[in-house]
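Just so you know, we're using my numbering here: the first sequence kicks off at 12 and counts up by one.
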Amino acid sequence: MSASPILAGQPAAPLQAAFATRLIVWQRSHGRHDLPWQNTRDPYRIWLSEIMLQQTQVSTVIPYYGKFLARFPDVAALAAAPIDEVMALWAGLGYYSRARNLHRCAQAVVERHGGAFPDSPEQLAELPGIGRSTAAAIASFAFGARAAILDGNVKRVLARVFGVEGFPGEKRVENAMWSLAESVMPGEQASGDDVSAYTQGLMDLGATLCVRGKPDCGRCPFTSDCVAHATGRQRELPAARPKKTVPTRRTWMLVLCDGDGVLLERRPPSGIWGGLWSLPEAADEAAIAELAYALGAVRDTRGLHRLAPITHSFTHFKLDIEPRCADFNAAPGAGGLEARDNETAWVPLAQIDDYGVPAPVRKLLDALKGSLI
DNA sequence: CAGCCGTGGTT
DNA sequence: TAACCAAGGCT
12 MSASPILAGQ PAAPLQAAFA TRLIVWQRSH GRHDLPWQNT RDPYRIWLSE
62 IMLQQTQVST VIPYYGKFLA RFPDVAALAA APIDEVMALW AGLGYYSRAR
112 NLHRCAQAVV ERHGGAFPDS PEQLAELPGI GRSTAAAIAS FAFGARAAIL
162 DGNVKRVLAR VFGVEGFPGE KRVENAMWSL AESVMPGEQA SGDDVSAYTQ
212 GLMDLGATLC VRGKPDCGRC PFTSDCVAHA TGRQRELPAA RPKKTVPTRR
262 TWMLVLCDGD GVLLERRPPS GIWGGLWSLP EAADEAAIAE LAYALGAVRD
312 TRGLHRLAPI THSFTHFKLD IEPRCADFNA APGAGGLEAR DNETAWVPLA
362 QIDDYGVPAP VRKLLDALKG SLI
């Protein structure tokens, strides 16, 4: 079998030896040093930031990080909190399985490790929501452990500097990058501070100079050795994800109002918006009318008001939301608020913040609140 | 192992 | 504007 070579050019052996040292020097003088989760070795704070930063940009994370730290100052506080409160604080940040795993992880640290995070990457990676790269980042920043990370920044830097071919999301390419990441780490003699600076340097270089759009090669410490720079292929490396047409789904949502309260339902724990509170949903116009009728909100199946449709884009599909509105009190024989189980709730619009609500639904309800004033 | 899982910024 | 994707992990 002759798979195409992943390393394009020559091994660049001289750089491989000097890579870590040069990166550490660069990080200390030109890297980032004042992000909210830096200048601490508290594994709790480092862990919290690393989970939030998974597939999420720094500027988006910062306000959430502050909110979480204020509400949950340590891992015990987070472990003791009700999951609903965690989900409510996480709402809007996306990838909600992270929030459930965050809570499970805090409880595991308390129960399995007596409230102290383990210091080895292997043990960290056994905890919910912590994979190989996140484990290495935590171990490196909190404990100075020698462990390779491989996030989007590192993939971009390595692909360009060492000329790694292929889409990094592909398993074969990712495996090669893990090997490369291990091979360019600081040596055994490196101090914990060196290791932390190295790990931070990889992230900083990728986030500030070796960016996707227009890399600032003039300021990069590796310009003279960079395969992409030498061949003018900064834009081609790393290889882009293969294009796929994203499907469009359509859903109908019921905005059932009772005074200033609206009916919310808890979504199932897995799948899109898992564990969040959202509006009752149906697959088509007839089904949403049936639902409103069954809830006693309308006199017949034509009593719904149409609201402006909303389109929401996910990574892998688009969602068209058709909101349909009904006033519970206007229904004949409406007996007032029905006792609800743990999966449904009448929520005053002013208290939406207490519930974890998907971003587009939140926008819809915010607009509704504005229109009622 | 490849598909699933959010949202907002950037180009 | 529509594509692209960011401090990935889980199944």
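Think of the CB as a built atom: it goes at the ideal place given N, C-alpha and C, for glycine as much as any other residue.
- Around residue 359, the same chain offers 271 and 272 as residues with beta carbons nearer than 7 Å, after the five sequence neighbours per side are excluded.
- Between the stretch 244-255 and the stretch 176-191 there are three or more C-beta pairs closer than 8 Å, enough to call the two in contact.
- Contact between residue 299 and residue 315 is confirmed by a C-beta separation of about 7 Å, below the 8 Å threshold.
- Contact between residue 266 and residue 318 holds: their C-beta atoms lie close to 7 Å from each other, under 8 Å.
- Taking C-alpha positions only, residue 374 is separated from residue 163 by approximately 30 Å.
- In the three-state reduction of the DSSP assignment, residue 382 falls in the helix class, which pools H, G and I.
- Secondary structure at residue 367: coil, using DSSP grouped into helix, strand and coil.
- When the beta-carbon positions are compared, residue 357 and residue 274 come within less than 8 Å of each other.
- Bounds of the alpha helix (DSSP H) holding residue 116 are 108-124.
- With a 10 Å radius around the Cβ and a threshold of 16 neighbouring Cβ atoms, residue 246 comes out exposed.
- For residue 269 and residue 260, the gap between their C-alpha atoms comes out near 29 Å.
- About 7 Å separates the Cβ atoms of residue 249 and residue 175, confirming a contact at the 8 Å cut-off.
- The beta carbon of residue 220 sits closer than 7 Å to the beta carbons of 226, 227, 230 and 231 from its chain, once the five residues preceding and following it are set aside; these are given in chain order.
- Membership of residue 277 in the beta strand (DSSP E) is indicated by the continuous run 272-277.
- Restricting attention to 49, 27 and 26, the CA atom closest to the CA of residue 215 is found in 49.
- Here residue 297 is exposed. Its C-beta has fewer than 16 other C-beta atoms within 10 Å.
- Here the C-alpha atom of residue 363 lies approximately 50 Å from the C-alpha atom of residue 194.
- Judged by DSSP in its simplified three-state form, residue 262 adopts strand.
- Remark: C-beta atoms of residue 196 and residue 170 do not approach each other more closely than 8 Å.
- Cβ-Cβ separation between residue 150 and residue 131: approximately 7 Å, consistent with a contact (criterion under 8 Å).
- A check of alpha carbon separations from residue 84 across 108, 117, 106 and 207 identifies 117 as the nearest.
- In the three-state DSSP reduction, residue 48 falls in the coil class, being neither helix nor strand.
- At least 8 Å separates the beta-carbon of residue 157 from that of residue 139.
- Look at the stretch 165-233 and you find these whole runs of alpha helix (DSSP H), each 4 residues long or longer: 182-194 and 203-215.
- Taken atom to atom, the span from the alpha-carbon of residue 99 to that of residue 111 is near 11 Å.
- The residues 232 and 233, in chain order, have a CB closer than 8 Å to that of residue 33 in the same chain once the five nearest residues on each side in sequence are set aside.
- DSSP, read as helix, strand or coil, puts residue 355 in strand.
- The residues 370, in chain order, have a CB closer than 6 Å to that of residue 103 in the same chain once the five nearest residues on each side in sequence are set aside.
- Scanning its chain for C-beta atoms nearer than 7 Å, with the 5 sequence neighbours on each side dropped, one finds around residue 205 the residues 35 and 197, in chain order.
- If you draw a straight line from the Cα of residue 46 to the Cα of residue 128, it is about 22 Å long.
- Residue burial is scored here from C-beta neighbours: residue 257 has fewer than 16 other C-beta atoms within 10 angstroms and is therefore classed as exposed.
- Counting only the Cα atoms, residue 79 lies some 26 Å from residue 133.
- Under the three-state reduction of DSSP output, residue 138 falls in the coil class, being neither helix nor strand.
- Residue range 69-82 is occupied by the alpha helix (DSSP H) that includes residue 82.
- Under the DSSP assignment, residue 94 falls outside any beta strand (DSSP E), being part of the alpha helix (DSSP H) whose first and last residues are 94-101.
- Residue 334 carries a strand assignment under DSSP once its states are collapsed to helix, strand and coil.
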